[in-house]
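In what follows, a single structure is set out as structure tokens and then discussed.
Numbering (the working numbering), first residue to last: 1 to 401.
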């Protein structure tokens, strides 16, 4: 045990802590950290928020800081009231031990905690990440190779109903989910090297009295990617009457980063939509920067998606939210206005000087997926090019609703 503790300490010092520092913005998205003087002796992350995430009375872009040579959260004005990064991670996520906090960080950053007796400190992918990639490949293989009626129905749904080409289906990673007991049997086959515990940790699905609807009603798998990494799955029914349309694996966090956002600093321009299939349809038609909120607007916990986008150096955001019908079947302009207004407030609250914020409007009730399939990508690009600056959109509509 003493040897294993030594291995853990070495791993924490030489592997975990440096990687945690490099990705502080993604582990603590609500703080909207900016990295300053990276690689220098004064390398540090800075946040305009206090340690308790409230805003100071006097604005300060570096109210809370974390230095590379220190690894403590420190707040200006309360410098000695510090908390270590790993303790902060434990506290914010309701974890019980430092070890659990390191496991939590490792799973999200794609590294492995060394196992007792392994001495393996430098795995580049966590067990969960490898398992999710294995599941994606399995679901894709099942969609393309299964000759049964269900597989044909899913392929028809994607090709005819949704308008995806065979190339789109392959590129976007759609898959067919078999009955969940078959998934368990596949993953726990000795050749795969995973256990049921690994599957539960990486991709647990909801069940009632031992029954899960994944692989029965919910048979279409959509990999949830953010920052170039698969984080879990959306499972969708192809029956239009099924509600809800999607269910997700239980530990998938959809609120800290946009679905489909590019990796690194490549995402300079974002087109923000509500639904994941909206973003995938737009992407398949060549619309760059299409991302999804996974909800109706940007507010509350989903403010973290905005912080993550700014940390990726996003320069322009166009809101392209649904225009729904009201209970009488008429365009619900008021609902769309309120969704856009709340999203605008959230974005500007986080970055008040952000100028390239626009709002695109559909002329009739639809979502981006429906509009593109009916009118084509060129018409959708015209909608985007005619988007109004946020202040003009509010000025034009604020007296109407």
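Even for Gly, the Cβ is constructed at its ideal location relative to N, Cα and C.
{"Check": "Selected residue, minimal CA-CA separation from residue 287, among 272, 301 and 295", "Outcome": "272"}
{"Check": "Classification of residue 266 by the beta-carbon crowding that lies within 10 angstroms, buried from 16 upward", "Outcome": "Any reading at residue 266 must be qualified, since the residue scores a pLDDT of 48, below 50, and its modelled position is unreliable; no value is offered."}
{"Check": "Euclidean distance between Cα positions of residue 396 and residue 321", "Outcome": "17 Å"}
{"Check": "Residue 281 and residue 384 closer than 8 Å at C-beta", "Outcome": "no"}
{"Check": "CB of residue 105 within 8 Å of CB of residue 38, strictly", "Outcome": "no"}
{"Check": "Neighbour-count burial assignment, residue 173, 16 or more Cβ in a 10 Å radius", "Outcome": "buried"}
{"Check": "Spatially closest choice to residue 290 from 307, 249, 198 and 226, by CA coordinates", "Outcome": "226"}
{"Check": "Cβ-Cβ separation, residue 275 to residue 402 (assumed contact under 8 Å), whole Å", "Outcome": "This structure leaves residue 402 out entirely; the chain is present only between 1 and 401."}
{"Check": "Alpha carbon of residue 67 to alpha carbon of residue 328, nearest angstrom", "Outcome": "57 Å"}
{"Check": "Proximity below 8 Å, CB of residue 193 to CB of residue 136", "Outcome": "no"}
{"Check": "Limits of the alpha helix (DSSP H) - the one that residue 279 falls within", "Outcome": "276-284"}
{"Check": "Per-residue DSSP class, three states only, for residue 39", "Outcome": "coil"}
{"Check": "Boundaries (first-last residue) of the alpha helix (DSSP H) holding residue 140", "Outcome": "127-145"}
{"Check": "As assigned by DSSP and simplified to three states, the class of residue 343", "Outcome": "helix"}
{"Check": "DSSP-derived helix/strand/coil call for residue 75", "Outcome": "strand"}
{"Check": "Whole-Å CB distance - residue 168 paired with residue 284, under 8 Å assumed", "Outcome": "4 Å"}
{"Check": "Three-state secondary structure assigned by DSSP to residue 1", "Outcome": "Bear in mind that the predicted position of residue 1 carries a pLDDT of just 45, short of 50, making it unreliable; the figure below should be weighed with that in mind. Here residue 1 sits in coil by DSSP."}
{"Check": "Inside the region 185-216 only - alpha helix (DSSP H) runs reaching at least 4 residues", "Outcome": "196-203"}
{"Check": "C-alpha gap between residue 140 and residue 88, whole angstroms", "Outcome": "39 Å"}
{"Check": "As assigned by DSSP and simplified to three states, the class of residue 466", "Outcome": "This structure does not reach residue 466, given that the chain is present from 1 up to 401, and the question cannot be answered."}
{"Check": "Own chain partners of residue 202 with C-beta closer than 6 Å, once the 5 adjacent residues on each side are dropped", "Outcome": "128, 131 and 132"}
{"Check": "Cutoff 7 Å; reference residue 95; Cβ partners in own chain excluding five residues on either side", "Outcome": "101 and 104"}
{"Check": "Strand pairing of residue 366, partner residues [DSSP]", "Outcome": "323"}
{"Check": "8 Å contact criterion, which residue 46 and residue 62 should meet: CB distance rounded", "Outcome": "4 Å"}
{"Check": "Buried versus exposed call for residue 122 [16 or more other C-beta atoms within 10 Å across all chains shown]", "Outcome": "Confidence is the limiting factor: at residue 122 the pLDDT is only 43, short of 50, which leaves the residue's position unreliable and the question unanswerable from this model."}
{"Check": "Closest Cα partner of residue 80 within the set 93, 92, 65 and 86", "Outcome": "65"}
{"Check": "Rounded C-alpha distance that separates residue 232 from residue 254", "Outcome": "9 Å"}
{"Check": "Interface flag, residue 84 vs chain B, CB-CB below 8 Å", "Outcome": "The displayed structure is made up of one protein chain only, and chain B is not part of it."}
{"Check": "Nearest candidate by alpha-carbon position, reference residue 54, set 30, 44 and 278", "Outcome": "30"}
{"Check": "Residue range of the unbroken beta strand (DSSP E) whose run includes residue 224", "Outcome": "220-226"}
{"Check": "Beta-carbon spacing of residue 150, residue 222 below 8 Å", "Outcome": "no"}
{"Check": "Residue span of the beta strand (DSSP E) that contains residue 236, given as start and end", "Outcome": "229-236"}
{"Check": "Contacting residues, own chain, Cβ-Cβ under 8 Å from residue 166 (five flanking each side not counted)", "Outcome": "159"}
{"Check": "Residue 214 beta carbon less than 8 Å from that of residue 234", "Outcome": "no"}
{"Check": "Start-to-end residues for the beta strand (DSSP E) that takes in residue 269", "Outcome": "269-273"}
{"Check": "Residues bridged to residue 23 [DSSP beta-bridge criterion]", "Outcome": "Residue 23 is not bridged to any residue."}
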